[in-house]
Amino acid sequence: MTPSATRALAFDVALATGVFGLKILVSVLLLRLGFRQISDDDYARVVIAQTFANTPRLDPSGTSWLPFPFWMTGSAMLVLGRSLAVARGVALVASALASAMVFVVLRRSGAPRSAALLATLAASLVPWAAWSGACPVPEGFAGPLVAVGVFSLLAAKGDSAGGARTLAWGAGALAIAALSRYETWPACACFAAAAVHRARRDGHLPRVVGPLAISLAAPVAWVAWNQYAHGDALHFLARVTRFRQAHGDAGVDTWARLSSVPRALWAASPESVVAGLALAWLALRDRRLRWPLLTAAAIVTFLIVGELGDGAPTHHRERALLAIPYLMLGGLACGCAPEVGASERLPRAHVYARRTAGLVVAATWLVNLPSLARDFPGTGAADRTTQVARGTALRALSPEGFAVSPCAFEHFALMAAYGAPERVRVAAAPGPREPAEECPKISPGR
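Residue numbers for the sequence shown follow the working numbering, beginning at 301 and rising by one.
1) Starting from the C-beta of S643, find all residues in its chain whose C-beta is less than 7 Å away, skip the five residues before and the five after it, and write them out in chain order.
2) If M628 sits next to A663, beta carbons under 8 Å apart, how far is it from one beta carbon to the other, in whole angstroms?
3) Might you give, ordered along the chain, the residues of its own chain that have their beta carbon closer than 6 Å to the beta carbon of A716, omitting 5 neighbours on each side?
4) Can we count S480 as close to the ligand SAH, meaning its CB is less than 8 Å from some heavy atom?
5) Measuring alpha carbon to alpha carbon, tell me which of L425, A475, L421 and S339 ends up nearest L445.
6) From A713, H504, A391 and W469, pick the residue whose C-alpha is nearest to that of F491; which is it?
7) Can you check whether the CB of S339 is closer than 9 Å to the CB of H616?
8) Taking DSSP as the reference, what is the three-state secondary structure of V605?
9) Measure the CB-CB distance between F676 and L330 and report whether it falls below 9 Å.
10) Note down, in chain order, each residue of its chain lying with its Cβ closer than 7 Å to the Cβ of P721, except the 5 sequence neighbours on either side.
11) Excluding the five sequence neighbours on either side, which residues of its own chain have a C-beta within less than 7 Å of the C-beta of F403, listed in chain order?
12) With a threshold of 16 other CB atoms inside 10 Å of the CB of V520, please say whether the residue is buried or exposed.
13) With C-beta atoms as the reference, is V704 less than 9 Å away from K741?
14) Count the CB pairs spanning the region 580-593 and the region 529-548 that are closer than 8 Å, and state whether there are at least three.
15) On the CB-based measure, 16 or more other CB atoms within 10 Å of its CB, does E639 come out buried or exposed?
16) Does S414 pass the burial test, meaning 16 or more other C-beta atoms within 10 Å, or should it be called exposed?
17) Mind checking whether L467 and A456 have CB atoms under 9 Å apart?
18) Near W566, which residues of its chain fall below 8 Å by C-beta distance, leaving aside the five closest residues on each side in sequence?
19) I348 by DSSP, collapsed to three states: which one?
20) Quick one: Cα of Q443 to Cα of A423, how far?
21) In angstroms with no decimal places, state the Cα-to-Cα distance between V326 and M372.
22) Does the distance from the CB of R619 to the CB of S432 come in under 9 Å?
23) Grab the span of the alpha helix (DSSP H) containing P625 for me, first residue to last.
24) Any idea if E700 is buried or exposed, counting beta-carbon neighbours within 10 angstroms, 16 or more meaning buried?
25) From which residue to which residue does the alpha helix (DSSP H) around F320 run?
26) In whole angstroms, what is the alpha-carbon distance linking S364 and R481?
27) Does DSSP put A391 in a helix, a strand or coil?
28) Along the chain, where does the beta strand (DSSP E) containing R725 start, and where does it finish?
29) Straight-line CA distance for T306 to V313?
30) For K457, write down the residues that DSSP places opposite it in a beta bridge.
31) Have a look at G609 and A447 and give me their C-alpha separation to the nearest angstrom.
32) Give the straight-line distance between the Cα atoms of W555 and Y626, rounded to the nearest whole angstrom.
33) So F441 and A398 are in contact, right, with Cβ under 8 Å, and what is the actual spacing, rounded?
34) What is the C-beta distance between A533 and N526, in whole angstroms, given that I count them as a contact (C-beta under 8 Å)?
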């Protein structure tokens, strides 16, 4: 490696570290502003991780929730303790690390340094991405990991062993994402299709066998596990459908279901939609850029089909779309690469149009940014500050345990703060309704 290349690498490492630090800082600032959670699911996930730390098992939840987040957080709890703070800290670090990885892979893909940095920071500061990164949910790291996998296709150069290693790293990122969130599964399929397409074109199919297997292993393994453990390969889907039909929007017409995901994407990240339109135009000239586009389209289609069949998220649809800002803004950064049109001078109209697209995306992002600190979820009736405080106090008041009678799902916040769910007996909940101020009810003993 030449001295100039060494200096460039060191600078990129420093910038990636800066992305990591800034992502942590934004999460801390959100917490200082009062943000705590997106929904009761956050605390339910912490309780499952605490249970895993106490009694490890392959499928920690035994439900439709994928296992990797519980393996990760529960393993950290084995070392650092089973507190809510540890769960939140693990989520902050995982989200920040995944965002830094996006910057690294964009640089490897040929994106100019400034474009890669701006794209990564802009995607990381999309309000839903920032909120998810500040609480113990997998969306905060699963979204950027999808982008790492997809852009590894652009970063892998030729048929070299280095290119195969880059694809393997990308496939590994996708495998982690696929063991964390279902909407990442279409990205695994797109990665596999792209890898096979390129290998067949170049005549080097054996080199992609490993990455191909890694990218598809997680979905296949989870389906196989459901067949083994529950006697139904799609048990997880049936469970999601039952829960959504019981607790989701009832009587919604077909058009509302079809349009719900596009509307959620526009509400959550309008800059992604604008960037996607610009990226579609750039992809006409640089065919590499079709893969981020196709992956984003596959994710949206997957979620729309889920909406039609009651297999999509029951609430906060925006959480399932967090890969798209990284894909669209990252793709736009790669579209600024010097390699685009290197063999011929770009027409002046093309250059002006590309700059205009960048300015429009930036303006849209700036308009959306204030909602980051203004409209965060988990407030009002969904606030769980009281339950967390009660759970923290119960550590000293009832170290031997207690019984809890929930009104809905608010008891998970109390149990997560208590830190020892195996000492808590949960009575049957009366069904979902707006919890009263004193919920849940606490009884001494188990």
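Cβ atoms here follow ideal geometry from the backbone N, Cα and C, with glycine treated the same way.
This is what the structure gives:
1) Note that S643 has pLDDT 43, beneath the 50 cutoff, so the model's placement of it is unreliable and the number below is only indicative. Closer than 7 Å at the Cβ level, and outside the excluded window around S643, lies no residue.
2) Not quite, the Cβ-Cβ distance comes to about 15 Å (not below 8 Å), so this is no contact.
3) Y343, V346, V347 and L384
4) In the structure on display, the ligand SAH does not appear, and there are no ligands present to speak of.
5) A475
6) W469
7) yes
8) helix
9) yes
10) V347, Q350, T351 and M715
11) L315, A316, V319, A416, L417 and T420
12) exposed
13) yes
14) no
15) Interpretation of E639 is limited by its pLDDT of 47, a score under 50 that renders its predicted location unreliable; no figure is taken from the coordinates.
16) exposed
17) yes
18) V573
19) helix
20) First, the amino acid is wrong: residue 443 is Gly here, not Gln. Between G443 and A423, the C-alpha separation is close to 10 Å.
21) 22 Å
22) yes
23) A623 to C634
24) exposed
25) P303 to R332
26) 10 Å
27) helix
28) V724 to V726
29) 11 Å
30) Bridge partners of K457: none, in fact.
31) 27 Å
32) 28 Å
33) 4 Å
34) 5 Å
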